[in-house]
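Just below is one structure, and these are the notes that go with it.
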Amino acid sequence: MLDPLVRPIVFPLLAGLVCAVLPDRPGSRKVWERVRAWLTIVASAASIRWVWPLYAGPLNDGQPLSSAGGWLRADVLSGFILLATVFFSLMIAIYSHRYMAGRAGQRLYYSSLLWSLGLACGVLLANDVLLLAVCWGPLAVTLYLMIGLSGGGASEAARKTLILVGGTDALLLLGAALMWIERGSTSLVGEPLDLNESSNYLAFLCFVAAAFAKAAAMPLHTWLPDSAEKADAPVTALLPASIDKLLGIYLLVRIATDWFRTTPGTDFLLMLLGAVTIIGAVLMALVQHDLKRLLGMHAVSQVGYMVLAIGTGTTLGIAAGLFHMLNHAIYKSCLFLGAGVVEQKTGTVNMDRLGGLASRMPVVFAATLIASLSISGIPPLNGFASKWMVYQAIIESGQSSGTLWWCLWLTAAMLGSALTLASFVKMLHSVFLCKPSPEIRQRVIERAPWPLVFPMVILAGLCVLLGVFGRGTILRYFIEPAVGQSLAYSGTWLPAHASMLMATALVLGWLVYAMSFRGGRFRRVPTYIGGENIDETRIPGIPWGTSRHVEVTGVDFYQTVEQLPGLGKLYSMARAKVFDLYEVIGKLINPLAGALRAAHQGVLPLYLGWFLFGLLAILYVMMERSP
Numbered sequence: 001m002l003d004p005l006v007r008p009i010v011f012p013l014l015a016g017l018v019c020a021v022l023p024d025r026p027g028s029r030k031v032w033e034r035v036r037a038w039l040t041i042v043a044s045a046a047s048i049r050w051v052w053p054l055y056a057g058p059l060n061d062g063q064p065l066s067s068a069g070g071w072l073r074a075d076v077l078s079g080f081i082l083l084a085t086v087f088f089s090l091m092i093a094i095y096s097h098r099y100m101a102g103r104a105g106q107r108l109y110y111s112s113l114l115w116s117l118g119l120a121c122g123v124l125l126a127n128d129v130l131l132l133a134v135c136w137g138p139l140a141v142t143l144y145l146m147i148g149l150s151g152g153g154a155s156e157a158a159r160k161t162l163i164l165v166g167g168t169d170a171l172l173l174l175g176a177a178l179m180w181i182e183r184g185s186t187s188l189v190g191e192p193l194d195l196n197e198s199s200n201y202l203a204f205l206c207f208v209a210a211a212f213a214k215a216a217a218m219p220l221h222t223w224l225p226d227s228a229e230k231a232d233a234p235v236t237a238l239l240p241a242s243i244d245k246l247l248g249i250y251l252l253v254r255i256a257t258d259w260f261r262t263t264p265g266t267d268f269l270l271m272l273l274g275a276v277t278i279i280g281a282v283l284m285a286l287v288q289h290d291l292k293r294l295l296g297m298h299a300v301s302q303v304g305y306m307v308l309a310i311g312t313g314t315t316l317g318i319a320a321g322l323f324h325m326l327n328h329a330i331y332k333s334c335l336f337l338g339a340g341v342v343e344q345k346t347g348t349v350n351m352d353r354l355g356g357l358a359s360r361m362p363v364v365f366a367a368t369l370i371a372s373l374s375i376s377g378i379p380p381l382n383g384f385a386s387k388w389m390v391y392q393a394i395i396e397s398g399q400s401s402g403t404l405w406w407c408l409w410l411t412a413a414m415l416g417s418a419l420t421l422a423s424f425v426k427m428l429h430s431v432f433l434c435k436p437s438p439e440i441r442q443r444v445i446e447r448a449p450w451p452l453v454f455p456m457v458i459l460a461g462l463c464v465l466l467g468v469f470g471r472g473t474i475l476r477y478f479i480e481p482a483v484g485q486s487l488a489y490s491g492t493w494l495p496a497h498a499s500m501l502m503a504t505a506l507v508l509g510w511l512v513y514a515m516s517f518r519g520g521r522f523r524r525v526p527t528y529i530g531g532e533n534i535d536e537t538r539i540p541g542i543p544w545g546t547s548r549h550v551e552v553t554g555v556d557f558y559q560t561v562e563q564l565p566g567l568g569k570l571y572s573m574a575r576a577k578v579f580d581l582y583e584v585i586g587k588l589i590n591p592l593a594g595a596l597r598a599a600h601q602g603v604l605p606l607y608l609g610w611f612l613f614g615l616l617a618i619l620y621v622m623m624e625r626s627p
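Counting from 1, one number per residue, gives the positions in the sequence shown under the numbering used here.
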């Protein structure tokens, strides 16, 4: 029988291989599609069955497990994130059973999903820097394959993802090599390295770059919005929204707590990048018209909260980063799955062409509403609970450091939450609550089937449960053991109090609404806009005597943001991809590539000439240095 730590790695990899070799004949394609889908669901469920006893047993008692000759190791932190990883893979597998039905490329899709699960488990259980690198690198390949399956413009997004994420994987290898040289061992267990040595500092930066690219934090974030816009919903919900976030933040926590001794300078760097990520990404999300790209920008922005919290260097900050990591994976997966249902049923994710879907997709709307309020930090949902911890960690770090930088970090975090709420008010109005567009009015939209809405209902329910009961469950039994101590909270907020206040507000609001419209007592007033009543003036472009109908959509309203002083220049630079590291590096490399291309014409005598020239140069150098 396989070792308990080996099972979560090997079985998903083998199941993915089985999916890859199963036949794909035209006559029996539907049958084999179902076999692959159910094999993926069963393998993900079996992974939960294997992982849970590990956590509920010795890991819960604070005793790490080692196996495979010391190559694998599990502690409370890795076990906690391992449980989250296999849970999200199961949710996406259930969703994919119906979403991917009849689509091309299912063999590669389900194989890549299971391989991603197995490799992610390998990263979390690796006790050796070489094994970590071996499992970390192929995840970029599976992400590339799954994005590329979506068709359309997804191939370019997949290529961009592979270059950015794969390029930083090379930095991970460099950091691993430097750590190996310094420690004299490839084991990840040992004394943290001081950053006084330049080689250790370089290794630290290499690991941070790899973590930032995987989690999609600025400036290595640009692959995620492009992938979110072009890739299928279950792909973005599985990797960029959940598994990649979990792995990236897991690596960052290991870097900041176990592998290196951070300094005030490195903490300041992390907090600065976290604050920039929060504000920069949410400003980009605010003006998006594409639903999936908007969600992709918010996936970047929320990473900023995690990086900012971890950068505080406090135990509360580490716990806040881990809690927000989990909460983000929950509500962002729910949002991406909802966007997938909208796209599948309407044929578009352009918010200008949607509207009125709340009555046609009530369950999808309800789940999306809960997830939207959660990501905006509205109590008593889980997003507020973890953001409140982030705020407290920032204040605590400011009190211990004696500087006023914490005021800037706190302002960025709270402003980011406000702008996030504004962005999702736009989204909810444009997609679900405003009048349907002509395209939507002409379409017959059926209710979403249960395999599509069931994962959304579970995830939305977790947003509520972890907000109300998270302090006594996730924090007490998972996160506090992971950080090694009980957490002290400040402030007066309690989940029960927040829940009572929210319920009271809802009841009072309903009463006011009911009393205002009882008996049809309301008054009509002229439409007022731009300083004049619409009924009293002529609307430009509409002939006199015709019906003057005015609609201002949520998307149109937010276009004025792009014209605000200062922000207009920012948005124009963003459209020119000035902040896109992929594009900037590409512009620098293209001239060099053109010069090298001219030297490589495929002519054998030319290559032979270059070879002889290089050989003569080497001989000359050797002769000059010889005694």
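A virtual CB, placed ideally from N, CA and C, is assigned to each residue, including glycine.
Problem set entry | Beta-bridge partners of F260, as assigned by DSSP | In the sequence shown, counting from the first residue as 1, residue 260 sits at position 260. Answer is L193, bridged to F260.
Problem set entry | Cβ neighbours of A37 in the same chain (closer than 6 angstroms, five flanking residues each side left out) | Here the question's residue 37 lines up with position 37 in the sequence shown. Around A37: H97.
Problem set entry | Assigned secondary structure, L108 (DSSP; H/G/I helix, E/B strand, else coil) | In the sequence shown, the residue the question calls residue 108 occupies position 108. In the structure shown, L108 sits in a helix (DSSP, three-state: H, G or I).
Exercise. On the three-state DSSP scale, how would you describe W544?
Worked result: Locating residue 544 in the sequence shown gives position 544, counting from the first residue. Its pLDDT being 49, under 50, W544 is placed unreliably in this model, and the value from its coordinates should be taken loosely. Coil at W544, not helix or strand.
Exercise. Thinking C-alpha only, which one of P12, G16 and W71 is nearest W50?
Worked result: On the sequence shown, position 50 is the one that residue 50 refers to. Residue P12 is the option with its Cα nearest to W50.
Exercise. Are there 16 or more other CB atoms within 10 angstroms of the CB of K587, so buried, or fewer, so exposed?
Worked result: Counted from its first residue, the sequence shown places residue 587 at position 587. When all chains shown are included, K587 counts as exposed.
Exercise. In chain order, what residues of the same chain lie with their CB nearer than 8 angstroms to the CB of A574, ignoring the 5 residues before and after it?
Worked result: If you number the sequence shown from 1, residue 574 lands on position 574. Only M284 meet the Cβ criterion.
Exercise. So what does DSSP say about D267, is it helix, strand or coil?
Worked result: Here residue 267 refers to the residue found at position 267 of the sequence shown. If DSSP states are grouped into helix, strand and coil, D267 belongs with the helices.
For this session: With a threshold of 16 other CB atoms inside 10 Å of the CB of W544, please say whether the residue is buried or exposed.
Result: Mapped onto the sequence shown, residue 544 falls at position 544. Any reading at W544 is ruled out, since the residue's pLDDT is 49, under 50, leaving its predicted position unreliable.
Problem set entry | Between the CA atoms of D3 and S78 - distance to the nearest angstrom | As a position in the sequence shown, residue 78 is number 78, starting the count at 1. As a position in the sequence shown, residue 3 is number 3, starting the count at 1. If I take the Cα positions, the gap works out to 17 angstroms.
Exercise. Under 7 angstroms between the Cβ atoms of H175 and A154?
Worked result: By 1-based counting over the sequence shown, the position of residue 175 is 175. By 1-based counting over the sequence shown, the position of residue 154 is 154. In the sequence on display, residue 175 carries Gly and not His. Contact: no.
For this session: List the endpoints of the continuous alpha helix (DSSP H) containing L459.
Result: Position 459 of the sequence shown holds residue 459. Taken as a continuous stretch (DSSP letters only), the alpha helix (DSSP H) holding L459 covers W450 to F469.
Exercise. Helix or strand or just coil, what does DSSP make of S66?
Worked result: As a first step, residue 66 must be located in the sequence shown, where it is residue number 66. Strand at S66.
Exercise. Starting from A74 and walking both ways along the beta strand (DSSP E), at which residues does that stretch end?
Worked result: Locating residue 74 in the sequence shown gives position 74, where the first residue counts as 1. Note, A74: beta strand (DSSP E), L72 to A74.
Problem set entry | Cβ distance (whole Å) where T161 is taken to contact S112 below 8 angstroms | If you number the sequence shown from 1, residue 161 lands on position 161. If you number the sequence shown from 1, residue 112 lands on position 112. With 8 angstroms as the limit, T161 and S112 do not qualify as a contact, their Cβ atoms being about 13 angstroms apart.
Problem set entry | N200 (DSSP reduced to helix, strand or coil) | Position 200 of the sequence shown, counting from 1, holds the residue named residue 200. If DSSP states are grouped into helix, strand and coil, N200 belongs with the helices.
Exercise. Looking at C-beta atoms only, is the number of pairs between the segment 463-472 and the segment 376-384 that lie closer than 8 angstroms three or more?
Worked result: yes
Problem set entry | Touching by the beta-carbon criterion (3+ pairs, under 8 angstroms), the segment 119-130 and the segment 242-251 | yes
Problem set entry | Contact set for L17: own chain, Cβ-Cβ below 8 angstroms, skip 5 residues either direction | Taking the first residue of the sequence shown as position 1, residue 17 is located at position 17. Once the five neighbours on either side are set aside, the close Cβ partners of L17 are S111.
Problem set entry | Cβ-Cβ distance between A228 and G338 below 7 angstroms | What you label residue 228 is simply residue 228 of the sequence shown in a count that begins at 1. What you label residue 338 is simply residue 338 of the sequence shown in a count that begins at 1. Cβ distance not < 7 angstroms, so A228 and G338 don't count as in contact.
Problem set entry | Opening and closing residue of the alpha helix (DSSP H) in which K426 lies | The count along the sequence shown starts at 1 and reaches residue 426 at position 426. Residues W405 to L428.
For this session: Given a cut-off of 7 angstroms, decide if S386 and H298 are closer than it, judged by their beta-carbon atoms.
Result: On the sequence shown, residue 298 is found 298 positions in, with the first residue counted as 1. On the sequence shown, residue 386 is found 386 positions in, with the first residue counted as 1. No, the pair does not count as a contact, with Cβ atoms beyond the cut-off.
Problem set entry | Distance CB(I310)-CB(G321) smaller than 7 angstroms | For this step, residue 310 is matched to residue 310 along the sequence shown. For this step, residue 321 is matched to residue 321 along the sequence shown. Result yes, Cβ atoms of I310 and G321 sit closer than 7 angstroms.
Problem set entry | Integer-rounded CB distance, given that A412 should sit under 8 angstroms from A275 | What you label residue 275 is simply residue 275 of the sequence shown in a count that begins at 1. What you label residue 412 is simply residue 412 of the sequence shown in a count that begins at 1. The Cβ separation is near 4 angstroms, so the contact holds.
Exercise. E446: which of V307, T473, A358 and P240 sits nearest, CA to CA?
Worked result: On the sequence shown, position 446 is the one that residue 446 refers to. Nearest option by C-alpha distance: A358.
Problem set entry | Residue span of the alpha helix (DSSP H) that contains Q344, given as start and end | The residue you call residue 344 lines up with position 344 of the sequence shown. Here the alpha helix (DSSP H) through Q344 covers T315 to T346.
Exercise. Alpha carbon to alpha carbon, how far is T271 from I278?
Worked result: Within the sequence shown, the letter at position 271 stands for residue 271. Within the sequence shown, the letter at position 278 stands for residue 278. Correcting the residue type first, residue 271 is Met in the shown sequence and not Thr. The alpha-carbon atoms of M271 and I278 are separated by roughly 11 angstroms.
Exercise. In terms of alpha-carbon separation, which member of Q302, L508, S401 and H328 lies closest to C463?
Worked result: The residue labelled residue 463 in the question sits at position 463 within the sequence shown. Here the closest residue by C-alpha is H328.
Problem set entry | Residues of its chain near L22, where Cβ-Cβ distance is below 8 angstroms and the 5 sequence neighbours each way are ignored | On the sequence shown, residue 22 is found 22 positions in, with the first residue counted as 1. Hits under 8 angstroms: W32, V35, R36 and R107.
Problem set entry | Collapsed DSSP secondary structure at A101 in the structure displayed | Here residue 101 corresponds to residue number 101 of the sequence shown, with the count starting at 1. Correct three-state label for A101: coil.
For this session: Give the DSSP-derived three-state secondary structure of A358 in the structure shown.
Result: The sequence position of residue 358 within the sequence shown is 358, counting from 1. Here A358 sits in coil by DSSP.
Exercise. Any contact of the segment 368-379 with the segment 428-446, i.e. 3+ C-beta pairs under 8 angstroms?
Worked result: yes
Exercise. Rounded to a whole number of angstroms, what is the C-alpha to C-alpha distance between L410 and I395?
Worked result: Numbered from its first residue, the sequence shown carries residue 410 at position 410. Numbered from its first residue, the sequence shown carries residue 395 at position 395. Distance between the alpha carbons of L410 and I395 is about 8 angstroms.
Problem set entry | First through last residue of the alpha helix (DSSP H) which encompasses S155 | Locating residue 155 in the sequence shown gives position 155, counting from the first residue. It spans A154 to R183 - the alpha helix (DSSP H) in which S155 sits, taken as one unbroken run.
Exercise. Do you know offhand how far L452's Cα is from Y95's?
Worked result: Reading the sequence shown from its first residue, position 452 is the one you call residue 452. Reading the sequence shown from its first residue, position 95 is the one you call residue 95. Straight-line Cα distance between these residues: approximately 5 angstroms.
Problem set entry | Terminal residues of the alpha helix (DSSP H) in which V307 lies | As a working mapping, residue 307 is identified with position 307 in the sequence shown. Where V307 is concerned, the enclosing alpha helix (DSSP H) stretches over L291 to G311.
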